[in-house]
Structures are given as structure tokens and as C-alpha cells.
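Residue numbering for the sequence shown follows my numbering, beginning at 24 and increasing consecutively. Just so it is clear, CB atoms sit at the ideal spot from N, CA and C, and this is done for glycine as well. For clarity, every value in this text was computed on a predicted model and none was experimentally measured. Working notes for the structure below.
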Amino acid sequence: MQMVSWESAWYQALYDPERGFYRRQAPREHFTTAAQGIPGSSLLLARALATLCRRHDLDTVVDLASGRGELATALTLTAPHLQIYAVDIVERPPGLPDTITWVTTAGGPDLTGLPRIDGALTFALEWLDVIPCPIWQLDDKNVPRTVLVAPDGHETLGPGPGEPGGPTPEDLAWYHTWWPTDEQNPGSRIEIGRTRDDAWNHLLEQVPRGLALAVDYGHTADTRPRHGTLTGYRDGRQRPPAPDGLSDITAHVAVDSLTHDRLDDQRHSLHELGISANPPDPEQAATDPTAYLAGLSTSSAAARLLDPYGLGGFTWIYRRT
């Protein structure tokens, strides 16, 4: 059984031209995000982003890792004055509004074909967490070694520093800068964020004047996970990661190592942008029951987006360019 580094296997599993998960599967079929899977959530998120554009005098939204265009479609309904670009690995899905410009890229960190647009909000929702990164584990001498994996998810420890395929000097430098080592022991896992940093910086180069905003689940130096976060999703269920091309593979993001002006949690950011989970006035149930039910639905969707133990705990990474 051939075993390769997690970084290599992960990339092939998600983005391979023939068997890559994202080339054959729609994200909404396997997991929920703020933009899809929750009735009404995409409209609320679109409303918040439209407000953000207005405050920053931006007239375009680039929806990176757009899935099947759920958020882009909501933006055309919520803010028809905005120019919308939707970017993903697949060809244009059927049924999208004609006003949406669809851009197909190679997926993951490869942004070939992404237009450079002046005055845009470039929005990357759960993009960084699916950019493959090196996965290491400390051996019995606390030496970091590359974790090798087979297609079925079986793992073994591979080469160490200075060995072919082992941790590179660049990744070791990132590790010593961003991943606290004082509480690590044999068996501790490390998820090296340099590849995410590089992808984010490359994206920033494509935004000549505007605002880049990434939203993802992540951690900072004081909350680094000792045993890692690498996991898989298939058919709406979390499962052990296996690079077989049949499930999503993701790992939390070291958000503090990313180039940023501001880090905030989703709950606070959405509150700032006018999103509230306040229920409608109960008296409206008698005077306008249709509007009352719509208000309850909106309140329920907002509560999901604002939940501090769920989506509301995601990090918003802001960078003005």
C-alpha cells in the first residue's frame, strides 16, 4: 500500500483533475456552512456583506470557493447594484443568474484565472481550511516527523528534519515561530500553516485596491490543538480523514499567522453589520401571520450564524489592500 505525505495525498484527494472530491461533489451535500445548508442563512450573510461593501465604498464582490453559487445568488437578490464574481473549481452551474460572472480555477491554492479587480470585496468562506498543509507528529524523542498516509487513511511516521521528504527549513521556521512547543510531548500533532499563509498572501496580490476577508474555523498561539484537527466529512457526517477522493478533508487554520489588519469572531462581526437573532413581535402573529413566520425563520437562521459554539465562533480575517 503506497504511503505519501498527508499534504500530497490531501491535495490529490480534493483537487485531482480526475478523482478530486471537489470536482465531483457539491459541498452542500456533505456539510453546512454560513452560505449553504441553513435555510435563509445565505441571504443574511449576503446582507451583511452588502453592508460591508457600502461602508468600504466597494462595488464588487468576488466570492472565492463559491460552491455552486449559493452566496453569489443571494447577493444578486440582496444587493443587485453589486457586480458579482463567483469562483470555484467546477464549471458554471446551471441556473445561476446571468448577472453573475463565473470563474473556474484549478482549486485550492492555485488561483490561476482569478481576475484582478479594483474596488472589490474578496470573500473566502472556508477556503483556507481545505488548502493542504504539512502534517507532522512528534516521535518518542520529540522530533517532528512527516506523517505518511495511505488512501484508506492508515498512517505511519515518515522522515524527520534533514531527510528527503521530511520537514523543510521553511516549515520548521514557521513551526518555531507560530506553534508553541512547551506543552508538546511524543505523539503531539502539528499542522503547519505556511501553505495557508502563502495562499492568502497570493490572494492579497490579486486585490489591487479593496478588502480581503477570509472566514474559517481556526486557532491562535494560545489555543493550538495538541492533537491536531485534521478530519473528514462525508454525507453530512464527520468521519476519520481518508484521502480517497470520496470525502472532504479539512484542518483548522492558524489564523494569527495570516497577514491581517483585524481578527474577529463571526458573532461580533455580524452584529456590527446589523445581523440579529431577535424574534419578531409576537403581536404580529395575529396581524400579519405570514410576516411573523418569515421573521421567525430569519431569527432562526441568524441564531445559527451567531452561535458562539458553532458558526458564530468562526474567525473573520480582515485585510485592506
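Quick check on the burial criterion: 16 or more other C-beta atoms within 10 angstroms. Buried or exposed for H177? Counting from one through the sequence shown, the residue named residue 177 turns up at place 154. It is exposed - the Cβ of H177 has fewer than 16 other Cβ atoms within 10 Å.
What does the alpha-carbon distance come out to for the pair L134 and N165? Taking the first residue of the sequence shown as position 1, residue 134 is located at position 111. Taking the first residue of the sequence shown as position 1, residue 165 is located at position 142. In a straight line, the C-alpha of L134 is about 37 angstroms away from that of N165.
Could you give the DSSP three-state label for D284: helix, strand or coil? One-based indexing of the sequence shown puts residue 284 at position 261. In the structure shown, D284 sits in coil (DSSP, three-state: anything other than H, G, I, E or B).
For A73 versus A95, is the C-beta spacing smaller than 9 angstroms? Locating residue 73 in the sequence shown gives position 50, where the first residue counts as 1. Locating residue 95 in the sequence shown gives position 72, where the first residue counts as 1. For A73 and A95, no; Cβs fall outside 9 angstroms.
Check Q289 in the structure and name its three-state DSSP category. What you label residue 289 is simply residue 266 of the sequence shown in a count that begins at 1. Helix at Q289.
How is the beta strand (DSSP E) around L144 delimited, first residue to last? Taking the sequence shown and counting its residues from 1, one reaches residue 144 at position 121. Where L144 is concerned, the enclosing beta strand (DSSP E) stretches over A143 to L148.
Please classify H104: does DSSP put it in a helix, a strand, or coil? Stepping through the sequence shown from its first residue, residue 104 is reached at position 81. DSSP places H104 in coil when its eight states are reduced to three.
Cβ of Y38 within 9 angstroms of Cβ of A129? The count along the sequence shown starts at 1 and reaches residue 38 at position 15. The count along the sequence shown starts at 1 and reaches residue 129 at position 106. Contact flag set, yes.
DSSP state of W202 mapped onto helix, strand, coil: For the purposes of this step, residue 202 is taken as the residue at position 179 of the sequence shown. W202: coil per DSSP, three-state reduction.
Taking T56 as the reference, which of D239, T243 and D304 has the closest Cα? Here residue 56 is taken as the residue at index 33 of the sequence shown, counted from 1. Nearest of D239, T243 and D304 to T56, Cα basis: D239.
Quick one: is Q261 buried, meaning 16 or more other Cβ sit within 10 Å of its Cβ, or exposed? By 1-based counting over the sequence shown, the position of residue 261 is 238. The residue is exposed, with fewer than 16 neighbouring Cβ atoms inside 10 Å.
Do the CB positions of L68 and G92 come within less than 9 angstroms of each other? Walking along the sequence shown from the start, residue 68 turns up at place 45. Walking along the sequence shown from the start, residue 92 turns up at place 69. Result no, Cβ atoms of L68 and G92 do not sit closer than 9 angstroms.
Which residue marks the beginning of the beta strand (DSSP E) containing Q160, and which one marks its end? As a first step, residue 160 is located in the sequence shown; it is residue number 137 there, counting from the start. Here the beta strand (DSSP E) through Q160 covers I158 to L161.
Using the Cα positions of T338 and S280, report the straight-line distance between them to the nearest angstrom. Position 315 of the sequence shown holds residue 338. Position 257 of the sequence shown holds residue 280. Rounded to whole angstroms, T338 to S280 spans 13 angstroms at the Cα level.
Tell me whether the beta-carbon of A244 lies closer than 9 angstroms to the beta-carbon of W223. Residue 244 sits at position 221 when you count from the first residue of the sequence shown. Residue 223 sits at position 200 when you count from the first residue of the sequence shown. Not closer than 9 angstroms, so no.
Please report the residue range of the alpha helix (DSSP H) in which T127 lies. Taking the first residue of the sequence shown as 1, we reach residue 127 at position 104. Not the alpha helix (DSSP H): T127 falls in the beta strand (DSSP E), residues I123 to T127.
Taking the beta strand (DSSP E) that T83 falls in, what are its first and last residues? Here the question's residue 83 lines up with position 60 in the sequence shown. Where T83 is concerned, the enclosing beta strand (DSSP E) stretches over T83 to L87.
Counted within 10 angstroms of its Cβ, other Cβ atoms place L316 as buried (16 or more) or exposed: Along the sequence shown, read from residue 1 onward, the residue named residue 316 stands at position 293. The residue in question, L316, is exposed, as its Cβ has fewer than 16 Cβ neighbours within 10 Å.
Rounded to whole angstroms, what is the Cα-Cα separation between D258 and G60? Taking the sequence shown and counting its residues from 1, one reaches residue 258 at position 235. Taking the sequence shown and counting its residues from 1, one reaches residue 60 at position 37. Their Cα atoms are separated by approximately 12 angstroms.
Any heavy atom of the ligand PLP closer than 8 angstroms to the CB of A147? You won't find the ligand PLP in this model; it holds no ligand whatsoever.
Tell me which residues share the same chain as L75 and place their Cβ nearer than 7 angstroms to its Cβ, disregarding the 5 neighbours each side in the sequence. Taking the first residue of the sequence shown as 1, we reach residue 75 at position 52. Excluding positions up to five away in sequence, the list reads L144 and L296.
Tell me whether the beta-carbon of V153 lies closer than 9 angstroms to the beta-carbon of G131. On the sequence shown, residue 153 is found 130 positions in, with the first residue counted as 1. On the sequence shown, residue 131 is found 108 positions in, with the first residue counted as 1. Cβ atoms of V153 and G131: closer than 9 angstroms.
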